[in-house]
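S.K.: As given, the protein sequences belong to chains H and U, one line each in that order.
Take the first sequence: its letter number 82 is residue 168 in the working numbering, and every next letter is one higher.
Take the second sequence: its letter number 50 is residue 60 in the working numbering, and every next letter is one higher.
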Amino acid sequence: DTAVSQTPKYLVTQMGNDKSIKCEQNLGHDTMYWYKQDSKKFLKIMFSYNNKELIINETVPNRFSPKSPDKAHLNLHINSLELGDSAVYFCASSRASSYNSPLHFGNGTRLTVT
Amino acid sequence: TQLLEQSPQFLSIQEGENLTVYCNSSSVFSSLQWYRQEPGEGPVLLVTVVTGGEVKKLKRLTFQFGDARKDSSLHITAAQPGDTGLYLCAGAGNSGYALNFGKGTSLLVTP
Numbered sequence: 087d088t089a090v091s092q093t094p095k096y097l098v099t100q101m102g103n104d105k106s107i108k109c110e111q112n113l114g115h116d117t118m119y120w121y122k123q124d125s126k127k128f129l130k131i132m133f134s135y136n137n138k139e140l141i142i143n144e145t146v147p148n149r150f151s152p153k154s155p156d157k158a159h160l161n162l163h164i165n166s167l168e169l170g171d172s173a174v175y176f177c178a179s180s181r182a183s184s185y186n187s188p189l190h191f192g193n194g195t196r197l198t199v200t
Numbered sequence: 011t012q013l014l015e016q017s018p019q020f021l022s023i024q025e026g027e028n029l030t031v032y033c034n035s036s037s038v039f040s041s042l043q044w045y046r047q048e049p050g051e052g053p054v055l056l057v058t059v060v061t062g063g064e065v066k067k068l069k070r071l072t073f074q075f076g077d078a079r080k081d082s083s084l085h086i087t088a089a090q091p092g093d094t095g096l097y098l099c100a101g102a103g104n105s106g107y108a109l110n111f112g113k114g115t116s117l118l119v120t121p
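#1: By how many angstroms is the C-alpha of threonine 195/H removed from the C-alpha of phenylalanine 133/H?
#2: Valine 38/U and arginine 79/U look like a contact to me (Cβ under 8 Å); what is the Cβ gap, rounded to whole Å?
#3: Which residue marks the beginning of the beta strand (DSSP E) containing aspartate 81/U, and which one marks its end?
#4: Under 7 Å Cβ-Cβ, which residues of chain H neighbour proline 53/U?
#5: Could you compute how far the alpha carbon of leucine 197/H sits from the alpha carbon of phenylalanine 176/H?
#6: Excluding the 5 residues preceding and the 5 following methionine 118/H in the sequence, name in chain order all residues of the same chain whose CB lies nearer than 6 Å to its CB.
#7: Give the residues of chain H in contact with alanine 78/U, contact being defined as C-beta atoms less than 8 Å apart.
#8: Please work out which residues of its chain come closer than 7 Å, Cβ to Cβ, to arginine 70/U, disregarding the five sequence neighbours upstream and downstream, and give them in chain order.
#9: Give the residues from the segment 127–140 of chain H that approach chain U closer than 8 Å (Cβ to any Cβ), ordered along the chain.
#10: Spell out the partners DSSP gives leucine 118/U in its beta bridges.
#11: Which class does proline 152/H belong to by DSSP, given the choice of helix, strand or coil?
#12: When you compare the CB positions of leucine 167/H and valine 146/H, do they come within less than 7 Å of one another, or not?
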């Protein structure tokens, strides 16, 4: 009965490859997010979707493309991977898109680009 | 981007000690949230503070929101090894739709 699940847990790939990370939430939430956590544990917002519509796109390279087939899923596709993309990527969801709504996080996907 | 500064960055204490971690900003926040993250897992919400001067207690954890709603503190009484983790504060960004996180305080409590 995992609330926010993301796959895979670990992803090791070479520079230049294209990879995807999947995320699903079974909480019935309207809003989903992707955050990137760097090696210093800093969590930075990348994207936010509300009912399948993109509402936040921070300054992320366009090699990163989120896709939301329905409001329970938000996948992240990354083209032409670079060494600097290595990080832990967290998917999260919240009931509403307002700032008071607590975030429910998945357990992260550790991406290593070699 | 509204920046949140957390201090200390690292804290290593013995079981039974008390500690306080701080979250400061030059910006005013409508609310602040505190999360704890354990290795290999995502952050988990501990509390949300909304009103200036508000104090909330969660067992041995006491959270306070500054009167001006620019800062917050987390005080842990009689720390236990189970309190070990990364403590993150978060406030709404300028867009109002997503949380900006501080860089966290990494706490280690040894028996």
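Don't be surprised by glycine CBs; every beta carbon is placed ideally from N, CA and C.
Here the structure is a predicted model, which is why all the values come from computation and not from measurement.
M.R.: Inspection of the coordinates gives the following:
#1: 16 Å
#2: Going by Cβ atoms, the distance from valine 38/U to arginine 79/U rounds to 5 Å, so yes, they are a contact pair.
#3: 81–86
#4: In chain order, Phe191 make up the part of chain H whose C-beta sits under 7 Å from the C-beta of proline 53/U.
#5: Put simply, the backbone Cα of leucine 197/H is about 11 Å away from that of phenylalanine 176/H.
#6: Tyr135, Leu160 and Ser179
#7: What alanine 78/U touches in chain H: nothing, since even the nearest Cβ is about 18 Å away.
#8: Ile86, Thr87 and Ala88
#9: Lys127, Phe128, Leu129, Lys130, Ile131, Ser134 and Asn136
#10: Ser22/U
#11: strand
#12: no
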